[in-house]
Each structure stands twice: as structure tokens, then as C-alpha cells.
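> Under my numbering, the letters of the sequence shown match residues 93 to 239, in that order.
Glycine included, every Cβ here is placed at the ideal spot set by N, Cα and C.
No experiment lies behind these values; they were computed from the predicted model shown.
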Amino acid sequence: MPVNNKAKVCNKDLKERRKKKQTFSTKQQWAKKIARVEPGAKVVENQPLCESLRLYPPIPATHRGVEKEDVLPNGTTVKPGMMILISMYAMGRLEWEWGKYCLEYKLERWIDENGKLNPIPLTKFFTFLAGPRNCIGRDMAFTQMNW
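#1: Pick helix, strand or coil for G173, following the three-state DSSP scheme.
#2: Hey, could you find the ends of the beta strand (DSSP E) A153 is sitting in?
#3: Please return the same chain residues whose Cβ sits closer than 8 angstroms to the Cβ of N226, not counting the five positions on each side in sequence.
#4: I need the boundaries of the alpha helix (DSSP H) containing E189, first residue and last residue.
#5: Would you tell me roughly how many angstroms separate the C-alpha atoms of K160 and K171, rounded to the nearest one?
#6: By the 10 Å Cβ neighbour count, where 16 or more other Cβ atoms means buried, how is P150 classified, buried or exposed?
#7: Mapping the DSSP letters down to three states, classify D231 as helix, strand or coil.
#8: Expressed to the nearest angstrom, what Euclidean distance is found between the alpha-carbon atoms of K134 and P152?
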């Protein structure tokens, strides 16, 4: 399916969901709605979100401090007191990571051969960081964006 048709499918789905917008009268109903939304399970909804967040992360860069001397995988030695700048904006545009068309908005990069959301590791899709200091609000962010 061409990209423009995928966008039409996404827009149509969002319009239908907005027409059927639910209201919740109790906290229990709200909790049930939140509990059943799983990021990564909805291709039509999460595909444009992931691609948009890859190209335009809400926080384009962050930094980390070094507490003890260590050697990075590329051989660089980091010493206590140094600051490491992490640019999610730049990481979403790396040709060696995202391919020849890394600067283009391509929804199909998020779909595998079976039509499911492609499981891209968090170390590649770095918008919400990875590891022990990743964004604890990732799932909530996807839930709110899918609302």
C-alpha cells in the first residue's frame, strides 16, 4: 500500500474514533480504558506517532553526568565530572541507523512483512531514551496521543 493511502487510512480511523469519543463516568471505567491500551499493539495509530517522534522528538537533547571512569563501546574513555550530550534529534536522522531515506517521513519503516508494528529496539528509537534512566512516562504518552 503506498504511503499516501496509509495516511488516508490513519486519518479515516482517527475521524471515526473522534465521532465515537467515549466519556467516562467513573474512575473504574477510566482505569479499564487505560489498562487495555498497549503501545506497539496498534499499527494504524502508533505508526505515524513513532515516525513523527523519530524526526521531531519533544526533547531534542539531554545530558548525563559521569560518576566514575568508564570506557564506551567505541573505545572512548569518560572520566568523572564529564557531561555526555545525547541528541535524540540527531539520532533520528542517522543514515547508518535509519537507511538512505532517513530524512524522509516514511510510515512503512514501522511495519514488518506481516503488517504488524515493526519491533524497533529502544536503543534505536531513542525518543524516550533507554536503560535504567529511560522515560517512565512513555506508555502514558502513547496512551494520551492515541486518545
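This is what the structure gives:
#1: Here residue 173 corresponds to residue number 81 of the sequence shown, with the count starting at 1. The answer is coil: DSSP assigns G173 none of H, G, I, E or B.
#2: The count along the sequence shown starts at 1 and reaches residue 153 at position 61. Note, A153: beta strand (DSSP E), A153 to G157.
#3: Here residue 226 is taken as the residue at index 134 of the sequence shown, counted from 1. Once the five neighbours on either side are set aside, the close Cβ partners of N226 are L214 and F220.
#4: Stepping through the sequence shown from its first residue, residue 189 is reached at position 97. Its alpha helix (DSSP H) spans residues E187 to W190.
#5: One-based indexing of the sequence shown puts residue 160 at position 68. One-based indexing of the sequence shown puts residue 171 at position 79. Answer to the nearest angstrom: the Cα atoms are 6 angstroms apart.
#6: Here residue 150 corresponds to residue number 58 of the sequence shown, with the count starting at 1. P150 is exposed by the Cβ-count criterion.
#7: The sequence position of residue 231 within the sequence shown is 139, counting from 1. In this structure, D231 counts as helix in the three-state DSSP scheme.
#8: Numbered from its first residue, the sequence shown carries residue 134 at position 42. Numbered from its first residue, the sequence shown carries residue 152 at position 60. Unreliable positioning characterises K134 in this predicted model, as indicated by a pLDDT of 46, which lies under 50. The coordinate reading is nonetheless provided below. Between K134 and P152, the C-alpha separation is close to 25 angstroms.
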